[in-house]
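Working notes, structure below.
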Amino acid sequence: MSRKLPPLIRWLPFLLLLASFACHAHKPSDSYLRLKLDGARVTGQWDIALRDLEQAIGLDADGDGDITWGELRARHADISAFAMARLKLAGDGQACPLQVSGHEVDRHSDGAYTVLRFSGTCDSAPAALDIGYSLFFDIDAQHKGLLSLEYRGRVQSIVFTPEQARQHFELGELTAMRQFLSYGREGVWHIWIGYDHILFLLSLLLPAVLMRERRRWLPVARFGDAFWDVFKVVTSFTVAHSITLSLAALGVISLPSRLVESAIAASVVLAALNNLVPVVGGRRWVVAFAFGLIHGFGFASVLAELGLPRNALLLALVGFNLGVEAGQLAVVAAFLPLAYFLRASGFYRRVVLVGGSTAIVAIAMVWLLERALNMKLISA
Amino acid sequence: MRRLIPLIFTLSLCSAWAAPYTPAADTEVLERLPFKASAAEGQELRRLRRAFAEQPQDLERALALARRYFDLASAEGDPRYVGYAEAIIRPWSVAAEPPVEILIMRALIRQYRHEFDAALADLAVAAEREPGNIEAWTWRSAILLVQADYAGARAACDKLAALASTLLTSACNTSVDGMSGKSRQAYAELSRALAERPDASADLKLWIQTRLAEMALRQGKDALAEKHFKAGLALGVTDGFILAAYADFLLDRDRPDEVVPMLKDWERSDILLLRLTFAEHAGKQPSARGHIAMMKERFAASALRGDKLHQQQEARFHLYLLGDVPGALRLAEENYRTQREPIDARILLEAALAARDWRAAQPALEWLRASGYEDPLFARLAVRLNGLAR
């Protein structure tokens, strides 16, 4: 339905009053921008209407009134350059460069949109974020950029308009306590999904409810003995990995991650082997301490991915560390009573201790090979 | 399965965050533009755009392109063009003393966005600087009519009498009369004006037929009104307004089965989709459900951008399709604060009646008393509402 209006219409606004009635047949121009901030890392999705891109840079190459996927695909590079030049992100005043990683297509209520996926990294996890948006503002005064910003589990919706093209977000408005807790949660989570740390700890804990006499395993007589043994192992592991985690997080020491990851796998192999062919008897806490130093570097790499807030470095570090401890304690709390209850049974000694340790050795050997040789055998 | 995914999402259409997909073939058509670049409109637009691009500081060229975009917005019902027009005049519009032509263009854009007071202020400055400007007075009258300020609208028509043709003055005057208790005289005058101008364009005839139908309705002459609706539709001009008005006429008279075939290809227009959905709902057709979902998504999309242009439609949607009386009344009340055409008053009366809230209906009842607006349908609503007060 395209019709040319006669010049008379200019003198007949009454005719155009139907416009005030009919003006909602379509939607004004919007783009939909989603940003997710995860520490220093930014990922995003930007849905931009093909109608608007046609007006700005032209997509309908053959002028037939239809925009095909082929026509759109041919302009992907131009679209990336055009759009990304109109979106500026800065964390604590430092620009966070963004890179387009993919193009797709989506439909919204008013037609087809190109979908840009992009990502980038800020210098460090920002306490404040500045976003400058200027897409289409030069050609369409009614255009709006609808942003949904997600950070630390919160989602905020913001509208960019030509009058409000820059927005400032205080991400640090999170209270110190909340920040502390959020890093603590991350610590717990990374113990929980870090199987290598859990298996290392279990390998050292399995013999805690037993004692070795004349080359045989016997159950300990009192719960206190088992508890004391576990306490020594866990404490020394904790002290050791706290030291290296802090040093690495503060940038004092850094080790290549492949070396660290391989050493962690080796530590699991050795700790479990020690249960099959005991070499270190009652001094497993020494082993826990020595290898704990290695595991600390592993935690540090997780923390590096999360990014540490500049304004609350120490708080976040302590929070993360305590989270890791809490996760460990949960493992111990689940393990110790059960193991103590089963300690006198043959099942515990043969199946749990010997069988379990053998399985751990096997799994950790695979990790060791994978990490040392940089190949994929199973997914850990 | 992979191939099915985009298909499924194409079918589910317009969700605000549907799942993105990668089309299977280069030939897949993603978007149909309003018209081809090769068509007459496309060529005309390209010529204006090129002229403007060569000398973007040239006021004449900027106005020609902005005007073209504004006309397109009205013809296509596509608000994107209004945004383009506004961006083009911005360099002049932000100046301390914009030229008269820019003031008028800005007023047009502002009234389109329902910023009526700002539009009137622009027109006032334009008329002060150039008292003989016909457009300033016609637009002033038209906007005051929407605000139900009939005395003000009449005063603007009087200014026109000395400046414009009899036809234009007559159109201005009968528009005011038709709203304020003089439908019979307005009908007679407008019929006469139409008879005297058999050479008038189809667009103008269509507008007059629609107005005549409305004036007949206000006098309670249903058959006469339908005759004018049909005469207007027979002109063969595509026009959403007459379709909406005729659809409302049929829906009010329990004839939904005639609405569905008339509007089935008009999903893309919000105002017509609303009527189509009403008709399907009334006729208990299964397609109503899909259309209700579609409308919900459109309202959600405009809420996301903070638009409040749709409140009258949204109120009707809430009242009759969602059965949400409090929501409908809230929307109708808020809408009536800026928009005071009869249709805005009607939804307020209906929502207030459904909520049995006589007080909420007061602004519309007050307008009905003061204006002398004659439509018997409104009179019945008022009687029932006033019955609540007792």
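Protein chains in written order, with our numbering: chain F, 23 to 402; chain C, 738 to 1127.
No residue lacks a Cβ here, since even glycine has one placed at the ideal position from N, Cα and C.
The shortest C-alpha to C-alpha distance from M1031(C) to any of H1047(C), A1040(C), R1042(C) and L1010(C) is the one to L1010(C).
Counting the other CB atoms within 10 Å of its CB gives A810(C) a total of 16 or more, which places it among the buried residues. In the DSSP assignment, L904(C) falls within the unbroken alpha helix (DSSP H) covering T903 to M916. At a cut-off of 4 residues, the continuous stretches assigned as alpha helix (DSSP H) that sit fully inside the region 247 to 325 of chain F are 279 to 298. Of all C-beta pairs linking the region 353 to 363 of chain F to the region 228 to 236 of chain F, three or more are shorter than 8 angstroms, placing the two stretches in contact. Per DSSP, T65(F) is not a residue of any alpha helix (DSSP H); the beta strand (DSSP E) it occupies stretches across R63 to A71. E823(C) sits away from I841(C), with the two beta carbons spaced by 8 angstroms or more. For G1064(C), same chain residues with a beta-carbon under 6 angstroms away, outside a window of 5 residues either side, are H1055 in chain order.
By alpha-carbon distance to I180(F), the top candidate from L277(F), I153(F) and I265(F) is I153(F). Pairing A776(C) with R783(C), the inter-Cα distance amounts to about 10 angstroms. The beta-carbon of V766(C) is placed less than 8 angstroms from the nearest beta-carbon of chain F.
In this structure, DSSP gives T975(C) a state outside helix and strand, which the three-state scheme calls coil. Residue pairing by DSSP places W239(F) opposite R234(F) in a beta bridge.
Think of a sphere of 9 angstroms around the beta carbon of K58(F): no beta carbon from chain C falls inside it, the nearest being about 14 angstroms out.
For F182(F), no alpha helix (DSSP H) run applies; the uninterrupted beta strand (DSSP E) run containing it begins and ends at R176 to F182, by DSSP.
For I89(F), the chain C residues whose C-beta falls within less than 9 angstroms of its own C-beta are V766, L767, E768, R769 and L770, listed in chain order.
Separation of the CB atoms of V974(C) and A939(C) is rounded to 5 angstroms, and the pair is thereby assigned contact status at 8 angstroms.
With fewer than 16 other Cβ atoms from the protein chains shown falling within 10 Å of its own Cβ, S123(F) counts as exposed. In the three-state reduction of the DSSP assignment, D114(F) falls in the coil class. Beta-bridge partners of A150(F) (DSSP): E192(F). Ranking S323(F), Q186(F), Q201(F) and D69(F) by CA distance to the CA of L337(F) puts Q201(F) first. Scanning the region 833 to 873 of chain C from its first residue to its last, the whole alpha helix (DSSP H) runs of 4-plus residues come out as 837 to 849 and 853 to 866. Leaving aside the five residues that flank A950(C) on each side, the residues in its chain whose CB is nearer than 6 angstroms to its CB run, in chain order, A962, H965 and F966. The beta-carbon of P148(F) is placed no less than 8 angstroms from the nearest beta-carbon of chain C. Annotation note: the region 991 to 1070 of chain C contains the following uninterrupted alpha helix (DSSP H) runs of length 4 or greater, listed N- to C-terminal: 993 to 1000, 1007 to 1019, 1024 to 1041 and 1048 to 1053. The C-beta of Q1049(C) has 16 or more other C-beta atoms within 10 Å across all chains shown, which makes the residue buried. In the DSSP annotation of this structure, the continuous segment of the beta strand (DSSP E) that includes G133(F) starts and ends at G133 to T143. With respect to the 8 angstroms criterion, I1084(C) and R1042(C) are not classified as neighbours on the basis of their beta carbons. DSSP places K166(F) inside the beta strand (DSSP E), whose first and last residues are K166 to Y173. Under a criterion of Cβ atoms nearer than 8 angstroms, the residues of chain C adjacent to A134(F) are, in order, L767 and E768. Against chain F, the beta carbon of G869(C) has no neighbour under 9 angstroms; the closest one sits roughly 14 angstroms away. In the three-state scheme derived from DSSP, where H, G and I count as helix and E and B as strand, Y54(F) is classed as strand. Take F313(F), set aside five residues on each side of it, and the residues of its chain with a beta-carbon closer than 6 angstroms to its own are S289, in chain order.
D162(F) has a beta carbon lying within less than 8 angstroms of a beta carbon in chain C. Residue S141(F) holds the alpha-carbon nearest to the alpha-carbon of Q121(F) among Y135(F), A103(F), S141(F) and A134(F).
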